[in-house]
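Have a look at the structure below, then the notes.
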Amino acid sequence: MDKKHNTITFHAPDLSTRQELPVAGGAVKAGFPSPADDFLDSPLDLNRELVHNPASTFFVRVSGDSMAGDGIGDGDLLVVDRSVEPYDGCIAVCYVDGEFTVKRVHLEKGCAWLMPSNPKYRPIRVDAENDFQIWGIVRHVIKTFK
Numbered sequence: 001m002d003k004k005h006n007t008i009t010f011h012a013p014d015l016s017t018r019q020e021l022p023v024a025g026g027a028v029k030a031g032f033p034s035p036a037d038d039f040l041d042s043p044l045d046l047n048r049e050l051v052h053n054p055a056s057t058f059f060v061r062v063s064g065d066s067m068a069g070d071g072i073g074d075g076d077l078l079v080v081d082r083s084v085e086p087y088d089g090c091i092a093v094c095y096v097d098g099e100f101t102v103k104r105v106h107l108e109k110g111c112a113w114l115m116p117s118n119p120k121y122r123p124i125r126v127d128a129e130n131d132f133q134i135w136g137i138v139r140h141v142i143k144t145f146k
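The sequence shown begins at 1 in the UniProt record's numbering and counts up by one.
Below you can see the structure in the form of structure tokens.
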């Protein structure tokens with residue numbers, strides 16, 4: 001197995017508090033600037049927006065760049081849901097032979113391939129010989145800009 005892969009730190013969501021934040025009305029254009037709207041939409045609570053299954057959701061912080069092609073970079077925070085059934089092509093937090101990694105999962109009869117999206121890394125083949133579990137499916141990526 002390729003030892004150059006992401007490492008992750010697990011965090012449970014704290015749903016005991018509410019943190020509603022104001023949301024500016026309308027969309028933000030990425031082209032030419034336009035006059036700002038003079039109103040705010042109803043408050044937004046990121047827990048309600050991002051955590052749909054609280055009992056099965058956790059956050060992980062990514063270390064590494066093996067998923068850069070999928071927009072997942074070093075320092076990003078992933079919102080992972082364990083209640084979502086794994087499917088071919090999903091991005092998942094996986095446990096392989098004593099280590100955690102985040103990869104795109106391709107399921108085949110008798111094996112699975114954990115696919116990095118950075119060409120610097122090799123795919124990881126897992127089968128019955130490996131200690132392998134899909135811990136959860138990535139539902140959101142919270143980007144960190146440096």
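Idealized CB from N, CA, C, for every residue including glycine.
- Ranking V138, F145, A92, P119 by CA distance to the CA of V51 puts V138 first.
- Shown here, D70 sits in a helix according to DSSP, grouped into three states.
- In the structure shown, the three-state DSSP call for E108 is strand.
- The DSSP-derived three-state label of R48 is helix.
- The three-state reading of DSSP puts S83 in coil, since its state is none of H, G, I, E or B.
- DSSP, read as helix, strand or coil, puts S117 in coil.
- Exclusion of the five residues before and after R82 leaves S56, W135, G136 as the residues of its chain whose Cβ lies within less than 7 Å of its Cβ.
- Where G136 is concerned, the enclosing beta strand (DSSP E) starts and stops at 132-142.
- The beta carbons of I142 and L77 sit closer together than 8 Å.
- N118 sits close to S66, with the two beta carbons spaced by under 8 Å.
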